[in-house]
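Residue numbers are given in the UniProt record's numbering: position 186 of the sequence shown equals residue 186, and the series is strictly consecutive. The block underneath contains the structure these notes are about, expressed in structure tokens.
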Amino acid sequence: MTAAEKIIFCSVLKGAKLPDNSGSNIARCVQQTEKKISGYKTHDAHFMLHYLLQVPIKSILPDHVAIALVRLCSFFRRICQKVISLDEVVNLEAEIAETLCQLERIFPPSFFDIMVHLPIHLANEVRLGGPVQYRWMYPVERYMCTLKSYVRNRSRSEGSIAEGYLANECINFCSRYLHEDSRQDSTESLETMMSVFQMSCELRDVPGWAKGLARGPNRVAKRFSGYVINGYRFHTRHRDARRKTQNSGVTLEALTPSFATVKDKNPIEAKVTYYGRIVDMFELDYYGQFKVVLFKCEWYTVAKDNFGLSYVYFSKKCYQEEPFVLAFQVNQCFYVQDSYVSDKHYVMKTIPRDLFRISDDLESDSPIIYAREPCEPEVIPSLPNDNGEVDLVRNDLRATIIDVAPNMFAKQRGEEDEESEYEYMEDSDSETS
């Protein structure tokens, strides 16, 4: 990359704001003036490979190079997700083989060490051992951080960890029996209360939530600038403006009727994904019966580029007459600014770290899925259809002229003459035979 391209690459990473609990502040590791990145951890490199690298490389590198690298980033992002089926594992095996073949046409042989070859085996490892989040190093490192927090005497660190672990186990064990006033084995009073509750429910024709819904919410509502739900921490756009993290991006998947033409009278319902940012948060109180949290959002028009990446323009808003959405319906996303167009932002979806949705319905005939987490199929860019010839010379840069010593030039010319003479002799021998 040229110096200008390195500055563009560093500017994208410098301006990226990530959600909480997803990665550290990568912007502090970027030295834009020196055009280098240093001081980041292994998890930061993992996160950059999944979400950030594909945004700058598609703008500053040639298409045949960018396509291969975007496919590589997409492979690692999908291989590390919580939900993955055996059919997708088969597709990943075929895709990584094509991607590595494309990389072999671009980079020199010295680039391909054992670490570059290892991705060809990762799909089979997932088939044999299940999703990677149960077998990689990040949960172990987090738990080691928890154990280190138990240390009170540095000269006896192992004993402090053992005492702290034992105290934590005792607290968890006792909390199961001491969180109520009565003992767990006193079932007579519990059965009496349940019978009274059942009799009172039978006397009521209309449930309380229906009465509260008919009465309407209280005219006084609570207003928040942050809210935690579905394993995500959401903030309003105004609060995000003064923070180094980004928690205002939301995504919603809903059934929407679609029309083929203006005269079409038979709409087809399909799942459509909407992207936006939170403007405000409200909690409606239905007089103690139940509470409902609403997010007021700005929705944007979404599109996809040739690399399969979704992007929005913050100036192109849509559905302004329907800004409200229920809080439990949304998931979190974050936006990465484009390297050239300031108003253009690429959408990156995130998955909560400690949230798992286990299905109660287990069907024997259903395909094997290792974890019940929502995901959607990604659109990966297709490899270019060429004749296999990749131009290794960049025409967009100024040529560098190197002075060669006369003796070195004469030696090189002599070696070339010897090789051509040897080839001529082999050809003549084959003709005579």
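Where is the CB? At the ideal position from N, CA and C, for every residue including glycine. Keep in mind that this is a model prediction, so the values were computed, not measured.
- The Cβ-Cβ distance between residue 132 and residue 170 does not fall below 8 Å.
- For the set 159, 278 and 311, the Cα lying nearest the Cα of residue 297 is the one of 278.
- When DSSP reads this structure, residue 257 sits in a beta bridge with 269.
- In the DSSP assignment, the residues bridged to residue 331 are 251.
- Rounded to the nearest whole angstrom, the C-alpha separation of residue 256 and residue 36 is 46 Å.
- Here the C-alpha atom of residue 345 lies approximately 48 Å from the C-alpha atom of residue 157.
- With a contact defined as Cβ atoms closer than 8 Å, residue 333 and residue 312 miss out at about 10 Å.
- Rounded to the nearest whole angstrom, the C-alpha separation of residue 225 and residue 338 is 27 Å.
- With respect to the 8 Å criterion, residue 254 and residue 295 are not classified as neighbours on the basis of their beta carbons.
- DSSP places residue 281 within a strand segment (E or B) once states are collapsed to three.
- Within its own chain, the residues whose Cβ lies closer than 6 Å to the Cβ of residue 69, once the five positions on either side in sequence are excluded, are 57, listed in chain order.
- A Cβ-Cβ distance of about 16 Å is found for the pair residue 43 and residue 73, leaving them out of contact under the 8 Å criterion.
- Shown here, residue 1 sits in coil according to DSSP, grouped into three states, outside any helix or strand.
- Taking a cut-off of 8 Å on C-beta distances, the stretch 301-316 touches the stretch 268-276, as three or more cross pairs fall below it.
- Just measuring C-alpha positions, the residue of 207, 292, 208 and 213 sitting nearest residue 227 is 292.
- Rounded to the nearest whole angstrom, the C-alpha separation of residue 5 and residue 61 is 9 Å.
- Per the coordinates, the alpha-carbon of residue 71 lies some 40 Å from the alpha-carbon of residue 263.
- Boundaries of the alpha helix (DSSP H) harbouring residue 211: 208-215, taken from the DSSP string.
- Under the DSSP assignment, residue 319 falls outside any alpha helix (DSSP H); it carries neither an H nor an E label.
- Per the C-alpha coordinates, the member of 139, 48, 172 and 148 positioned closest to residue 162 is 148.
- Note on geometry: alpha-carbon atoms of residue 34 and residue 125 lie some 40 Å from one another.
- DSSP, read as helix, strand or coil, puts residue 102 in helix.
- At a Cβ-Cβ threshold of 8 Å, residue 153 and residue 160 count as neighbours.
- When C-alpha distances from residue 10 are compared across 27, 341 and 213, the shortest belongs to 27.
- Taken atom to atom, the span from the alpha-carbon of residue 25 to that of residue 18 is near 7 Å.
- Out of 315, 307 and 53, the CA that lies nearest to the CA of residue 63 is found in 307.
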